[in-house]
Each structure stands twice: as C-alpha cells, then as structure tokens.
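Taking it in order: structure first as structure tokens, then the write-up.
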Amino acid sequence: MDVLLAILSQFGLYGLLTLGVAIIFAALRVVNLAQGDLAMTGAYVAATATTVAFGWRVLLACVLCVAPLMMIERILLRRPLADGLATMLVTWGVGMALRQVAELVFTSTSRTAAAPVESTVELLGTPYPAYRLISGLVAVAVIGAVLFAAYRTGWGLTLRAVADNPTMAALLGTDPRRMRTAAFVAGGMLAVLAGALYSPLLAVNPSMGFGLLVPMFFALLFSRPGALGAAVTAAFLVAALAVLLRTWLTDTLADALFYIVIIGAAALRSRSHVRRLLSWSRRILSPARSS
Amino acid sequence: MVPSHPFSRTVVLTTVAAALLTLTACSGSAVSSAAGDSGAPLKIGVVVPLTGPVGETGKALQRGLELGVQKVNDSGGVGGKKVEYVVVDDAGDPATSTQLARKLIQQDRVSMLFGTITGDTAEAVSKVAEDAKVPFGTAILGDTEGCFPYSWGFGESTRQILLPSVPELIGTYGKRVAIVGSDYNYPHFYAGIAKEIAKSAGGTIVAEEYSPLGQTDWQSVITRLKDAEPDVLLSMVVGADAVAFSRQAKQFGLLTSRLGYDGAPLDTDYYPALADLVNGRTHVVRWTDQLDNAESKEFVADYRAKYTFTPPIPEVAGNAYFGVQFFLAAAGKVGRNDPQAINTEIGKMRFDSPLGKGTHFEPANHLLQADMLETTIEPGGAYKVTRNLGPIADNVAKQGCS
Numbered sequence: 001m002d003v004l005l006a007i008l009s010q011f012g013l014y015g016l017l018t019l020g021v022a023i024i025f026a027a028l029r030v031v032n033l034a035q036g037d038l039a040m041t042g043a044y045v046a047a048t049a050t051t052v053a054f055g056w057r058v059l060l061a062c063v064l065c066v067a068p069l070m071m072i073e074r075i076l077l078r079r080p081l082a083d084g085l086a087t088m089l090v091t092w093g094v095g096m097a098l099r100q101v102a103e104l105v106f107t108s109t110s111r112t113a114a115a116p117v118e119s120t121v122e123l124l125g126t127p128y129p130a131y132r133l134i135s136g137l138v139a140v141a142v143i144g145a146v147l148f149a150a151y152r153t154g155w156g157l158t159l160r161a162v163a164d165n166p167t168m169a170a171l172l173g174t175d176p177r178r179m180r181t182a183a184f185v186a187g188g189m190l191a192v193l194a195g196a197l198y199s200p201l202l203a204v205n206p207s208m209g210f211g212l213l214v215p216m217f218f219a220l221l222f223s224r225p226g227a228l229g230a231a232v233t234a235a236f237l238v239a240a241l242a243v244l245l246r247t248w249l250t251d252t253l254a255d256a257l258f259y260i261v262i263i264g265a266a267a268l269r270s271r272s273h274v275r276r277l278l279s280w281s282r283r284i285l286s287p288a289r290s291s
Numbered sequence: 001m002v003p004s005h006p007f008s009r010t011v012v013l014t015t016v017a018a019a020l021l022t023l024t025a026c027s028g029s030a031v032s033s034a035a036g037d038s039g040a041p042l043k044i045g046v047v048v049p050l051t052g053p054v055g056e057t058g059k060a061l062q063r064g065l066e067l068g069v070q071k072v073n074d075s076g077g078v079g080g081k082k083v084e085y086v087v088v089d090d091a092g093d094p095a096t097s098t099q100l101a102r103k104l105i106q107q108d109r110v111s112m113l114f115g116t117i118t119g120d121t122a123e124a125v126s127k128v129a130e131d132a133k134v135p136f137g138t139a140i141l142g143d144t145e146g147c148f149p150y151s152w153g154f155g156e157s158t159r160q161i162l163l164p165s166v167p168e169l170i171g172t173y174g175k176r177v178a179i180v181g182s183d184y185n186y187p188h189f190y191a192g193i194a195k196e197i198a199k200s201a202g203g204t205i206v207a208e209e210y211s212p213l214g215q216t217d218w219q220s221v222i223t224r225l226k227d228a229e230p231d232v233l234l235s236m237v238v239g240a241d242a243v244a245f246s247r248q249a250k251q252f253g254l255l256t257s258r259l260g261y262d263g264a265p266l267d268t269d270y271y272p273a274l275a276d277l278v279n280g281r282t283h284v285v286r287w288t289d290q291l292d293n294a295e296s297k298e299f300v301a302d303y304r305a306k307y308t309f310t311p312p313i314p315e316v317a318g319n320a321y322f323g324v325q326f327f328l329a330a331a332g333k334v335g336r337n338d339p340q341a342i343n344t345e346i347g348k349m350r351f352d353s354p355l356g357k358g359t360h361f362e363p364a365n366h367l368l369q370a371d372m373l374e375t376t377i378e379p380g381g382a383y384k385v386t387r388n389l390g391p392i393a394d395n396v397a398k399q400g401c402s
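From first to last, the protein sequence lines stand for chains A and B.
Numbering-wise (UniProt numbering), the first sequence opens with residue 1 and increments by one.
Numbering-wise (UniProt numbering), the second sequence opens with residue 1 and increments by one.
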C-alpha cells in the first residue's frame with residue numbers, strides 16, 4: 001500500500017509537469033525549459049501569500065500566472081518561432097530570469113509552505129500523511145480533466161490537429177497563433193499548479209525547478225507531439241520506476257539504475273523493429289474506424 | 001658556398017618554442033610567485049559564494065569578515081596600516097574558486113586567503129594556498145579527512161560537535177541511533193565519527209541511509225528509518241534537501257518529540273524554514289548570537305545594524321569575525337607582510353576571544369581548539385546558551401599536517 005501511495009504522489013507531480021510540457025510541445029513544437037521554474041513560481045506564491053487559506057493560494061497562483069504566460073508567449077516566443085532551437089533557448093532564458101528574480105526577492109534560503117492538513121489517514125492499515133494523499137488525488141483529477149478536454153472536446157481536437165499538421169490545421173480554419181498562446185498558458189499553468197500544490201512537501205527555493213526537469217524530460221522522451229495520453233502514461237511509468245527502485249534498493253543505487261533503465265529503454269525504443277512493434281500494438285489497441 | 005649561421009632559423013624557432021612551452025607549463029601547474037609585499041598594507045583575498053544555492057551563507061561569512069577587519073582597522077590596523085580586502089564570488093564552484101584564488105595571489109598580491117563555504121571549494125583553495133605558501137582560513141562547520149599545511153579551520157570539527165552531543169542524546173532519548181545524510185564525502189565522514197562516538201557511549205546504530213543531493217521525495221528513506229525504530233536521528237542531509245527531508249519526516253510521523261534529532265537541519269541557516277520542527281531542541285555550536293559576552297554582543301549589534309538583519313545570525317559569520325581577527329593578530333605579531341612567516345605564527349598563536357581563552361590550532365590537524373556551547377532553540381530563533389561545555393579537544397592527527 002505504501003508503494004502504491006508513493007507512486008500516486010510522485011505521479012501527481014511528474015504527471016502535471018509532463019502533461020503541461022507535452023501540451024506546449026504539441027502546439028509550439030518546443031520543449032519548455034522553463035517548466036520547472038514555473039513550478040517554482042507557483043511554490044513561492046503558496047509559500048509567501050500566507051494571509052489567505054492554502055487552497056486560495058493555489059488558485060491565486062494559477063490565476064496570477066495567466067497574464068505573464070500570455071506575455072511570454074506573445075512577446076518572446078512568437079518571433080523566433082521559425083527556429084525551434086532559438087525558441088527553446090528563449091524558454092531557457094525565461095527560466096533563468098525567473099530564478100534570478102526569485103533569488104533577488106526571496107534570497108536563496110529555502111522556505112516551506114505549511115501543509116493545510118497536518119493529520120494522517122489510515123488506508124488499509126497504513127497511516128499516511130493526509131495532505132500528501134490530497135495533493136496526489138487533486139493532481140490526478142486535474143490530469144484526468146485535462147486529458148478529457150484533450151480527447152473529448154473541440155479544443156482538444158484542434159490542439160491535436162495543430163500538433164499533427166499545423167499547416168493543414170491553419171488551412172482548415174484553425175488560428176494556430178491563438179492555439180499556441182492557449183497551449184502555452186495551459187501548459188505553464190499546470191506547472192504553476194504542480195509547484196503550488198506540492199509546495200508543502202518540497203523545499204521552496206529559486207533552484208527547486210531544476211531538479212524537477214529530469215523526470216519530466218524522461219517522460220517526454222517516450223511520447224510524440226500531440227500524444228498527451230502517452231506523455232501521461234510515460235510520466236506514470238517514470239514515477240513507478242523511481243518509487244519501486246527506491247523501495248527495493250538504496251537511494252544512490254536506485255538513482256543510478258533509474259538513469260540506466262531510462263536511457264536503455266530510450267535507446268531500445270529508437271530501434272526500427274521495436275518502433276514497428278509499438279506502431280502495430282497501437283493499431284491493435286485503437287483500430288481505425290470506418291466512416 | 002655560403003657558410004651556415006651558427007644560430008640557424010630552425011634552432012632559433014625551436015629554442016623560442018621550447019621557452020614558451022616551459023613558461024606556459026609553469027603558469028599552469030603552480031602559483032609561481034609568493035604573494036605579499038613587505039612595504040604594502042596587508043591584503044586579504046576573500047573567496048565566497050555570493051550567488052547560487054549557498055549564496056546566503058557566503059554573504060554571512062563576508063559580512064562577519066568585513067566587520068572583523070573593520071574592528072582591527074579601528075584599533076590601528078596591522079603594522080600601523082589599514083588592512084585591505086578583495087572579495088570575489090566563486091558561486092560555490094571549485095574550478096572558479098581555484099581560478100579566483102590564483103588571481104588574488106598573482107594579481108592582487110594578497111597575503112592571506114579567507115572564505116569558501118562548501119568542502120570541495122575549500123579543498124580547491126587549500127591546494128592553491130599550499131602552492132603559493134599563503135595562509136588560508138575557513139569558517140565553515142565540520143572538517144574533512146585530509147589536512148593542508150597552509151589551511152586553518154575556524155569552524156568546529158565534527159568530533160567537537162558530536163563528542164558532547166551524541167552521549168547526551170543517547171542518555172535522554174535512548175540507545176538506538178539512526179544516521180541519514182546526503183550522498184557525498186562529508187556526510188559519510190560525519191557518519192563514521194558519529195558511529196564511533198555512539199558506540200563508545202553505549203549506543204547501537206540501527207540504520208544508515210544516504211540519498212543523492214536534489215532529492216524531492218523522501219518516503220522510501222523515511223519508511224526504512226521508521227522501520228528501524230530509532231530513538232535518536234543524526235542528520236547530515238544538507239541544503240534544500242534538509243528542509244524537504246525534515247518536513248516529510250514530520251508528515252510521516254518519524255520526527256516526533258520522542259525522537260532525538262540533531263545535525264545540519266538544526267543549524268541557524270535552516271531555522272526560518274524549519275522553526276516549528278526544531279524549537280525546544282538542543283544543538284551544540286561554537287558560537288551563537290545569544291552568547292553572553294560583551295565583545296560578541298557588540299558584533300551582533302553591529303551586524304544587525306549594518307545589514308538590517310533580524311533572523312538568527314549564522315554561526316559562520318561569528319567564526320569569520322573572530323577568525324579573521326586571529327589571522328590578523330598573527331600577522332601583527334610577525335610584523336612584516338610575509339605570508340610564510342604569518343602561516344608559521346598562526347600555527348603557534350594563542351588568541352583570546354569570545355570563542356575561548358587561549359584558542360589555538362592543533363598542529364596535527366589544523367583544527368581550532370576552542371570552547372563549545374550547548375544551546376536550546378527558542379521560538380523566534382534564539383539559540384540560547386544553556387551550558388558552556390568548555391574547550392572540546394580534537395587532536396586526532398590527519399594526513400597532510402601530522
């Protein structure tokens with residue numbers, strides 16, 4: 001039970017971050033290197049706006065980030081869009097700027113946000129921190145809602161159409177610029193939410209986002225543009241692998257093995273016969289429907 | 001037939017190339033010239049991280065040192081001249097520390113070096129100081145396995161911290177001791193000494209866990225520690241991890257009032273983030289801003305006024321303040337700006353300060369032999385002195401100095 005709950009908690013964090021970066025990747029074809037730093041800004045809002053209740057702080061963080069995210073996308077990311085690498089470097093710069101501002105305003109000393117619920121709950125005989133469970137469940141619910149929107153609403157259809165073929169989507173009447181802005185705001189907001197929601201479990205400091213990037217990138221490695229479900233599944237597998245290894249082995253050994261397994265899996269996946277096998281399995285699992 | 005010139009073009013080019021290669025090799029391998037100029041005012045090179053994850057601790061060290069130098073200058077300086085200092089930011093990176101320490105010695109002609117926060121940067125500067133034969137003072141807490149002939153540590157050693165605290169914890173909470181640390185050299189060194197002291201105090205080591213730096217989820221480590229049912233937990237989990245670990249340990253019910261808890265997370269640096277978890281606990285330190293001593297109180301008042309600082313003043317600031325005065329007293333005793341002679345004098349000096357009467361360095365390990373204080377952490381961050389433990393000797397010899 002302990003292990004399952006640990007996976008739930010880790011998946012909530014990694015899932016929100018990965019889903020956010022996958023949405024941005026789908027619409028902009030750019031890996032947002034500022035995703036971890038956006039989580040850091042969310043965590044700072046939750047740790048510093050202590051005059052309001054914790055739940056409101058999380059909401060406040062999500063609302064406050066909308067305008068800055070829109071400005072970042074419109075002012076900084078739109079111009080170098082022709083060059084994916086340049087755009088990615090811009091996101092790196094945005095992340096650095098966020099870190100520097102946080103260091104200037106809050107210093108590099110770590111802070112914490114007090115958990116709104118300090119008690120423990122009994123789950124099948126296992127006592128477990130209540131807030132840890134709540135944060136995991138909220139994160140999973142949000143991930144589910146976003147996936148529902150992506151696969152069952154018009155917005156999701158448009159997003160996936162832009163991800164598959166932006167030119168064709170534009171010819172069919174989709175405004176790719178509006179979609180890119182919406183995707184960047186939605187993806188960034190998920191990172192801000194992850195940071196705010198998990199702030200009572202983490203040390204809040206300017207460089208905290210950096211450590212969150214690695215599992216998120218690993219998860220992204222196993223999906224393709226627009227495949228949000230695959231990105232979330234990959235985040236779940238990464239979280240499960242990390243938790244299981246750390247349950248069975250010492251942390252140091254588990255960390256080393258984690259990287260070996262991930263890199264090995266990525267290398268294996270790039271083999272042509274494995275790619276073909278994955279492609280067939282996808283067709284078997286979701287066969288094309290006749291019109 | 002034209003006779004060939006005894007210094008043909010090939011010979012000249014080869015000679016020039018060989019000379020250039022020799023010069024390049026020399027400049028890369030060692031700091032060539034000893035620093036210091038006997039007629040000039042004494043200059044200190046301060047290498048500290050002012051940016052990055054340990055930037056705040058670096059700033060505390062710099063501030064303590066600045067006030068220490070100011071105090072010496074207010075009372076006439078060294079050799080009738082005001083002491084000068086140059087501050088450089090190494091951002092906690094050992095390669096940068098090496099480069100900056102070399103620059104300070106070769107270009108700024110400093111006669112002594114001071115600073116660094118992390119163990120790896122301290123070792124990097126120690127090597128440069130040894131090459132150039134310039135004394136180097138550190139103020140950080142804890143020590144390492146090795147020793148350098150030109151390096152002197154003003155922070156308390158691991159033994160000086162653990163010798164009084166571990167038997168006390170075992171006596172109060174119980175014999176089952178668990179150790180947790182970040183996975184790099186120092187926590188392993190700390191654990192080695194902790195195990196030795198715990199066993200001689202009748203304790204049993206029931207768990208020992210290490211985790212790589214930058215860990216966000218501590219559930220598996222906490223579960224293993226909880227399963228071991230410890231009475232005492234010694235933690236050398238450092239940096240942001242110390243905060244995340246302590247918070248999660250509280251959430252999982254490991255960190256309760258029934259568990260003895262000591263180590264890095266109880267340092268003043270972490271107090272703002274962990275106040276509710278450490279209030280009421282005891283912590284052994286070399287210096288605290290609550291020390292009832294006129295000279296120490298004056299420093300605290302100056303520090304708070306000059307830097308508009310209200311939280312607990314980090315111990316490293318006090319160590320730097322009194323440490324630099326120790327160094328400058330040695331330089332004053334030598335009477336000339338000679339780094340090697342100053343280094344020899346540092347090794348022989350006995351210096352009275354709020355850190356103790358006749359504080360001095362043990363020749364076998366270059367660790368300051370000074371008083372230790374048992375403090376109790378009060379709400380608001382006051383580390384009140386509950387007991388002056390007197391000088392705690394650490395004379396265990398170390399390779400490099402013994």
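Ideal Cβ placement from N, Cα and C applies to all residues, glycine included.
Use the C-beta contact count for residue i: other C-beta atoms within 10 angstroms, 16 or more gives buried, fewer gives exposed.
i	result
B/Gly115	buried
B/Arg176	buried
B/Asn316	Looking at the sequence shown, residue 316 of chain B is not Asn but Val. Result: buried.
residue 403 of chain B	In the structure displayed, chain B extends from 1 to 402; residue 403 of chain B sits before or after that span and is not available.
A/Met208	buried
Residue range of the alpha helix (DSSP H) that residue i falls in?
i	result
B/Glu123	Gly119 to Ala132
A/Ala256	Asp251 to Arg269
B/Thr344	Pro339 to Lys348
B/Gly253	From DSSP, B/Gly253 is part of no alpha helix (DSSP H); its letter is neither H nor E.
Measure from the C-beta of residue i to each C-beta in chain B and report whether the shortest distance is under 7 Å.
i	result
A/Thr247	yes
A/Pro68	no
A/Gly211	yes
A/Asp255	yes
A/Gln35	no
A/Ser110	yes
A/Ala202	In the sequence under discussion, the amino acid at residue 202 of chain A is Leu, which differs from the Ala named in the question. Cβ-Cβ to chain B under 7 Å: yes for A/Leu202.
A/Pro129	yes
Counting contacts by CB-CB distance shorter than 7 Å, is residue i in contact with chain A?
i	result
B/Pro53	yes
B/Asp217	yes
B/Val206	no
B/Ser200	no
B/Gly318	no
B/Gly174	no
B/Glu362	no
B/Ala393	no
residue 473 of chain B	Because chain B here runs from 1 to 402, residue 473 of chain B falls outside it and cannot be looked at.
B/Gly214	yes
Any idea what DSSP makes of residue i, helix, strand or coil?
i	result
B/Leu274	helix
A/Arg224	coil
A/Arg78	coil
B/Asn185	helix
B/Lys175	coil
B/Gln369	strand
A/Thr18	helix
B/Gly239	coil
A/Trp280	helix
A/Glu73	helix
B/Arg247	helix
B/Pro391	strand
B/Lys297	helix
A/Phe54	helix
Who are residue i's beta bridge partners in DSSP?
i	result
B/Ala382	B/Glu378
B/Lys207	Residue 207 of chain B is actually Ala in this sequence, not Lys. Paired residue(s): B/Ala178.
B/Asn319	Paired residues: none, contrary to the question.
B/Met112	B/Ile44
A/Pro127	A/Glu122
B/Lys81	B/Val78
B/Phe136	B/Leu113 and B/Ser151
By the DSSP assignment, the beta strand (DSSP E) with residue i in it spans what residues?
i	result
B/Ala201	Segment: none, B/Ala201 is in no beta strand (DSSP E) and carries neither H nor E.
The ligand GTP and residue i: does any heavy atom of the ligand fall closer than 6 Å to the residue's C-beta?
i	result
A/Asp251	The ligand GTP is not part of the structure shown, which contains no ligands of any sort.
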